[in-house]
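Have a look at the structure below before the remarks.
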Amino acid sequence: MATGTSADRPPLGLRERKKIKTRQAIRAATYALIEEQGYDATTIEQIADRAEVSPSTVFRYFPTKEDIVVTDEWGPVMPAELRARPEDESWADVLRHVMRTALDLSLAEEPEVTRLRARLGAEVPAVRARMRESMAATGRLLREALAERSGLDPGSLELRVFAMSVMGGLMEVSHYWAETGHRDDVRELVDRALDVLEHGLPTGKP
0 MATGTSADRP
10 PLGLRERKKI
20 KTRQAIRAAT
30 YALIEEQGYD
40 ATTIEQIADR
50 AEVSPSTVFR
60 YFPTKEDIVV
70 TDEWGPVMPA
80 ELRARPEDES
90 WADVLRHVMR
100 TALDLSLAEE
110 PEVTRLRARL
120 GAEVPAVRAR
130 MRESMAATGR
140 LLREALAERS
150 GLDPGSLELR
160 VFAMSVMGGL
170 MEVSHYWAET
180 GHRDDVRELV
190 DRALDVLEHG
200 LPTGKP
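The sequence shown begins at 0 in numbering that gives the first Met the number 0 and counts up by one.
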């Protein structure tokens with residue numbers, strides 16, 4: 000299954016473009032307000048006013064404030080990328096490709112936004128909880144794709160553990176990156192996480 004390129008897709012209609020523009024305006028307003036006054040002090044009413052929409056419009060696109068911050072557009076990309084990999088490719092190479100694709104997509108936004116989202120996920124309990132829900136949902140999609148590739152039962156313990164190890168690894172990379180002040184290249188952190196998933200824990204001091 001190929002994911003396709005932008006050239007393969009039909010152009011978006013006016014309605015779809017307006018929806019995307021509205022979502023982007025709401026998110027931009029949210030990020031700006033949080034930077035100015037903090038997460039807890041930022042309200043839906045303030046977000047709506049800054050984005051020049053009504054509070055009901057905000058809720059139509061995002062059920063909660065946490066949903067504005069925690070994006071999951073890349074969630075379906077991981078299983079789609081996994082399905083598109085060659086059948087004879089090793090699990091290690093497949094895993095690296097899928098996780099790097101997810102990372103590249105998450106880094107496609109402005110660097111300040113990426114760092115802010117990681118920091119909120121590490122520091123704000125409500126955002127962290129919503130992030131876990133999003134990761135779990137993506138993990139279920141990934142598990143189905145893994146089942147197709149491996150022939151295993153998607154409900155098996157082995158696939159559950161493997162899929163959620165991948166998702167948990169991505170989440171911990173995000174938290175670690177934020178907690179250490181974004182001083183490391185997040186791509187290198189993902190490679191380190193992949194090394195753990197592939198080879199296990201490094202040998203400790205004798």
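Every residue gets a Cβ at the ideal spot worked out from N, C-alpha and C, and that includes glycine.
**Request:** Excluding the 5 residues preceding and the 5 following Asp39 in the sequence, name in chain order all residues of the same chain whose CB lies nearer than 6 Å to its CB.
**Result:** none
**Item:** Residue of Val172, Pro201, Arg16 and Ala24 minimising C-alpha distance to Ala101
**Value:** Val172
**Message:** Which of the three DSSP states is assigned to Gly12 in this structure?
**Reply:** Secondary structure of Gly12 (DSSP, three-state): coil.
**Request:** Please check the pair Arg82 and Glu147, which I expect to be a contact at CB under 8 Å, by giving their CB distance rounded to whole angstroms.
**Result:** The C-beta distance from Arg82 to Glu147 rounds to 7 Å, short enough to meet the 8 Å contact threshold.
**Request:** Answer with buried or exposed for Arg116, where buried requires no fewer than 16 other C-beta atoms within 10 angstroms of its C-beta.
**Result:** buried
**Prompt:** To the nearest angstrom, how far is it from the Cα of Met166 to the Cα of Arg95?
**Reply:** 13 Å
**Asked** Since Leu32 contacts Gln45 with CB under 8 Å, what's their CB separation in whole angstroms?
**Response** About 6 Å; that satisfies the 8 Å criterion.
**Request:** Quick one: which unbroken beta strand (DSSP E) runs of 3-plus residues sit fully inside the segment 62-141? Chain order, please.
**Result:** none
**Asked** Just curious, the alpha helix (DSSP H) that Ala50 is in, first and last residue?
**Response** Ile43 to Ala50
**Request:** Inspect the beta-carbon positions of Arg59 and Ala28 and report whether they are closer than 8 Å.
**Result:** no
**Asked** Excluding sequence positions up to five away, which residues of its chain have a Cβ less than 7 Å from the Cβ of Glu143?
**Response** Cβ neighbours of Glu143 beyond the five flanking positions: Pro78 and Pro153.
**Prompt:** Of the choices Val68, Leu196 and Glu80, whose alpha-carbon is the least far from that of Thr41?
**Reply:** Val68
**Contacts around Ala177, its chain only, beta-carbon distance under 6 Å, and the 5 residues preceding and following it disregarded** = So the list reads Ala117, Arg118 and Ala121, once near-sequence residues are dropped.
**Asked** Cα separation between Val97 and Leu141?
**Response** 10 Å
**Request:** Taking Arg159 as part of the alpha helix (DSSP H), name the residues at either end of that continuous run.
**Result:** Leu156 to Glu178
**Prompt:** In three-state terms, what does DSSP make of Thr202?
**Reply:** coil
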